[in-house]
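Top line first, the protein sequences correspond to chains L and E. Per the numbering used here, the very first residue in the first sequence carries number 15; after that it's consecutive. Per the numbering used here, the very first residue in the second sequence carries number 5; after that it's consecutive. Note that beta-carbon positions come from the ideal geometry of N, C-alpha and C, so glycine has one too. Nothing here was measured: the structure is a model prediction, and the numbers come from that model.
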Amino acid sequence: MNGSPISRVLPYLAISLLALFPVLDSTFYTQLLSKVLIMAIFAMSLDLLVGYTGLVSFGHAAYFGLAGYALALLAAKFEAVSLWWSLPAAMGICVAFAITTGMLVLRTRGIYFIMVTLAFAQMLFFVFHDTKLGGGSDGIYIYTKPTMNIGDTALVNLEKLNEFYWLVLFFTAATYFLLRRILGSSFGRALMGIKVNEHRMRALGFPVFRYQLASFALSGGLAGLAGYLAAVQFGFVNPEILSWHQSGAVLMMVILGGMGTLHGAVIGAFAFVLLQEVLSNQAWFGVAAKHWQLAMGILIMLVALYLPQGLAGLMSKFQRKPVEEAADD
Amino acid sequence: MDLAFFLIQLLNGLQYGLLLFLVASGLTLVFGIMGIINLAHGSFYMVGAYLAWSLAGMTGNLATAILLAIPLTVILGMALERLLFRHLYSRDHLYQVLLTYGLILVFEELRSLIWGDDVHGVAVPALLNASIPLTENLSYPVYRLAISGVCLLLAFALYVLIQKTRLGMMIRAGASNRDMVQSLGIDIKLIYTLVFAMGVALAAFAGMINAPLSSVTPNMGSHVLIICFVVVVIGGIGSVKGAMAASLMIGLAETFGQVLVPEVAGMIVYVLMAMVLVWRPEGLFGRH
């Protein structure tokens, strides 16, 4: 990734193009793209776990949903809440929850880990579904968007679609560069070492559990960032946002794009959300659009069977074939 | 809480637990023997319930419907193993999760196309539609007792099959060393197909016999699936004995939880799971 100058410039180019987007186009696509970018943050947070730490979490929607609920519950009903404290608070709650559950789930490995992360996410689903805390199965409306004021002037007005879009793009870029930075550091190298061989890293004296817990907490916090932004965009939260279908969808994005590459998670989020939009488009598919999940399900199965390296893997296969062959020898 | 009421809840809890065991035992066997995580296991439960509902509607009799449906679910299981799951044995769990997640979406949409999205009810068979009076105004339905009896019988049959028969010996051997079993001339692929089909049939059968007690609804499989994951985690992967102990534990905990502390009943099983994880991360009967 850090090799050729092209791949180094590519992220900046993509960000610049995306930043120009609202100038060119209407509200619908700006909204859709905001959604894509939010899912990209969510997918990158999961890629940190799945692709770099070797922990397959199937309950990542828990953190996404928890942050959304945190915003809904922190905001007074008809009064705008300040983003300056509510976003850190929501992310903090997610980090705290990730550390608590992480202490338990990290005692398990493999299949167990998958099942236990799913079970804990499901527990949270029932907390919000069955109790009055979060409005039960109906959820809660967030009537006013959070404010981002410096003094009395608004730095960003979240009520405006374009400004919200740019804010989301800023957070997407920030997440990307932050994770690149972290993964390039000795901490990130250690995580990748743990993924490949946990026992060797332990024998080398690395506190494996603490590294994994730190990765789990960071991942939970970033998923919280995505969940917070999603709640702001849609203006309501309900238990569906922390259902296991959400966890499955984000895992699909990571794999579809290509795990362990970071930009793959972004590509995966684009592909998945746009595919969902296309398949459920009634103008194109008529009655079949109602059953778009059938096509999605078959597609997911095909990716699992035939495209284990995802789209990013497909691209690098065409790009750098000689290098990979050399590496295989 | 008086004695009769307590007895009713106890029987309900045991019956629910035994039903869970039918679903969870197949799940834990497939985990333990083939090393496969199968998210679509709950869909088999749903398919069973819908088959029972539609066939009972056609034949007018639940028993006939179940007899017709069982071979269908066995065939479904064998076909799925041959066509899909077989390709996943050597793959990372990640891809198993993904493939079986895709399979859930396919099952749900097929269910929607074939049977629609409505909620249905199935009548309790006339023969078993009675109840045993306990006190003046409390009684216990015979059908629930019958379900518990059938589940116990099946559990016993499963125990005999795995522990006492030649096929069971091959299954256990296949679980500990696949290559060795194969080089001894045993067709391990066939055994895998059989075990998988058995798991599918058990889950579907649970859905069929439970159809008269709970309504037949879309997405009914996912709740059962996740509770069964909890059962497998508590009992220990691959342990049928553990699945039985954990099923009964969860069945009783959830039933009494709903009566005594209804607000937090949904969470009790997860708290139980967390406690077991702290104490024994490999499950009550799991291998170290």
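Using a C-beta to C-beta distance shorter than 8 Å, which residues of chain E count as neighbours of I312(L)? Contact note: I312(L) reaches chain E through G106 and V110, using a C-beta cutoff of 8 Å and chain order.
I believe M212(E) touches A56(E) by the beta-carbon criterion, under 8 Å. Please report the beta-carbon distance rounded to the nearest angstrom. Right, the Cβ-Cβ distance comes to about 4 Å (below 8 Å), so this counts as a contact.
Is there a Cβ from chain L that is less than 8 Å from the Cβ of F35(E)? At least one chain L Cβ lies under 8 Å of F35(E).
Report the three-state DSSP secondary structure of H91(E) (helix, strand or coil). In this structure, H91(E) counts as helix in the three-state DSSP scheme.
Going residue by residue through the stretch 6-46 of chain E, where are the continuous beta strand (DSSP E) segments of at least 3 residues, counting only ones entirely within it? Runs of the beta strand (DSSP E) lying entirely within the stretch 6-46 of chain E, each at least 3 residues long, are absent.
Please report how far the alpha carbon of R90(E) lies from the alpha carbon of W180(L), in whole angstroms. R90(E) and W180(L) have their C-alpha atoms some 47 Å from each other.
Once the 5 residues before and after F84(L) are set aside, which same chain residues still bring their CB inside 6 Å of it? In the sequence as presented, Phe is not what sits at residue 84(L); that position holds Ala. The residues are A104 and I107.
When the Cα atoms are used, what is the spatial distance from P336(L) to G272(L)? At P336(L) the pLDDT is 48, less than 50, meaning the model places this residue with poor confidence and gives no usable figure here.
Spatial neighbours of F223(L) in its chain, beta-carbon cut-off 7 Å, leaving aside the 5 residues before and after: For F223(L), where only same-chain residues beyond five positions count, the Cβ hits under 7 Å are L120.
If we define contact as Cβ-Cβ less than 8 Å, is F134(L) a contact residue for chain E? Chain E places a beta carbon closer than 8 Å to that of F134(L), counting this residue as a contact.
For E339(L), which residues from the same chain have a beta carbon less than 6 Å from its beta carbon, with the 5 sequence-adjacent residues on both sides left out? With a pLDDT of 43 at E339(L), under the threshold of 50, the modelled position of that residue is not reliable, and the figure given next carries that caveat. Around E339(L), the same chain offers no residue with a beta carbon nearer than 6 Å, after the five sequence neighbours per side are excluded.
Determine the closest residue to L165(E) out of V244(E), S187(E), V128(E) and S94(E), with distance taken between C-alpha atoms. Ranking V244(E), S187(E), V128(E) and S94(E) by CA distance to the CA of L165(E) puts V244(E) first.
Would you check if the stretch 47-63 of chain L and the stretch 233-251 of chain L touch, i.e. whether three or more CB-CB distances between them fall below 8 Å? Output reads yes: the stretch 47-63 of chain L touches the stretch 233-251 of chain L.
Comparing the C-beta of G242(E) with each C-beta of chain L, is any distance below 8 Å? Using a CB distance cut-off of 8 Å, G242(E) does not count as an interface residue toward chain L.
From S187(E) to W258(L), what distance separates their C-alpha atoms? Looking at the two C-alpha atoms, the distance is approximately 41 Å.
Since T32(E) and V236(E) should fall inside the 8 Å C-beta cutoff, what is the C-beta to C-beta distance between them, to a whole number of angstroms? With 8 Å as the limit, T32(E) and V236(E) qualify as a contact, their Cβ atoms being about 5 Å apart.
Using alpha carbons as the reference points, say which of L319(L), A303(L) and I164(L) lies closest to S96(L). For S96(L), the nearest C-alpha among the options comes from I164(L).
Quick one: list the residues of chain E neighbouring H277(L), beta-carbon separation under 9 Å, in chain order. H277(L) does not reach chain E, its nearest Cβ partner there being about 19 Å away, counting only Cβ pairs nearer than 9 Å.
Would you mind reading off the limits of the beta strand (DSSP E) that contains V170(L)? Where V170(L) is concerned, the enclosing beta strand (DSSP E) stretches over T167 to V170.
Using a Cβ-Cβ distance cut-off of 8 Å, determine whether Y83(L) contacts chain E. Taking CB atoms only, Y83(L) has no neighbour in chain E less than 8 Å away.
Using a Cβ-Cβ distance under 8 Å, would F209(E) count as near chain L? No, no contact with chain L.
Are the CB atoms of A94(L) and K174(L) nearer to each other than 8 Å? No, the Cβ-Cβ distance between A94(L) and K174(L) is not below 8 Å.
Around the Cβ of Q19(E), are there at least 16 other Cβ atoms within 10 angstroms (buried) or fewer (exposed)? If you draw a 10 Å sphere on the C-beta of Q19(E), you find 16 or more other C-beta atoms in it, and that means buried.
Count the other C-beta atoms from every protein chain shown that fall within 10 angstroms of the C-beta of L194(E), then say buried if there are 16 or more, exposed otherwise. By the 10 Å Cβ count, L194(E) comes out exposed.
Within the continuous beta strand (DSSP E) that includes Y144(E), where are the two ends? Residues S143 to P145.
Check P137(E) in the structure and name its three-state DSSP category. The answer is strand: DSSP assigns P137(E) an E or B state.
Taking the alpha-carbon positions, what's the A257(E) to Q136(L) distance? The straight-line gap from Cα to Cα measures roughly 17 Å.
Considering only their Cβ atoms, is the gap separating A283(L) from V50(L) smaller than 8 Å? Yes, they are a contact pair.
Give a yes or no on whether the minimum CB-CB distance between A278(E) and chain L is below 8 Å. Yes - at least one Cβ of chain L is within 8 Å of the one on A278(E).
Neighbour-count burial assignment, L173(E), 16 or more Cβ in a 10 Å radius: Looking at the sequence shown, residue 173(E) is not Leu but Met. The residue in question, M173(E), is exposed, as its Cβ has fewer than 16 Cβ neighbours within 10 Å.
Classify N42(E) as buried or exposed, calling it buried when 16 or more other Cβ atoms lie within 10 Å of its own Cβ. Label assigned to N42(E): buried.
Any beta carbon of chain L sitting closer than 8 Å to that of E113(E)? Cβ-Cβ to chain L under 8 Å: yes for E113(E).
Under the assumption that F289(E) contacts G240(E) (Cβ atoms under 8 Å), give the Cβ distance between them as a whole number of angstroms. Yes, F289(E) and G240(E) are in contact; Cβ-Cβ is about 4 Å, under 8 Å.
Between which residues of its own chain and V287(L) is the CB-CB distance below 7 Å, once the five residues before and five after are set aside? In the same chain as V287(L), and ignoring 5 residues on each side of it, the C-beta atoms closer than 7 Å to its own belong to K49, V50 and M53, in chain order.
Assess, as a yes-or-no matter, whether the stretch 143-163 of chain L is touched by the stretch 252-268 of chain L under the definition of 3 or more beta carbon pairs within less than 8 Å. Judged by Cβ distances under 8 Å, the stretch 252-268 of chain L makes contact with the stretch 143-163 of chain L, as three or more pairs qualify.
Would you tell me roughly how many angstroms separate the C-alpha atoms of G249(L) and G219(L), rounded to the nearest one? Going from the Cα of G249(L) to the Cα of G219(L) covers about 48 Å.
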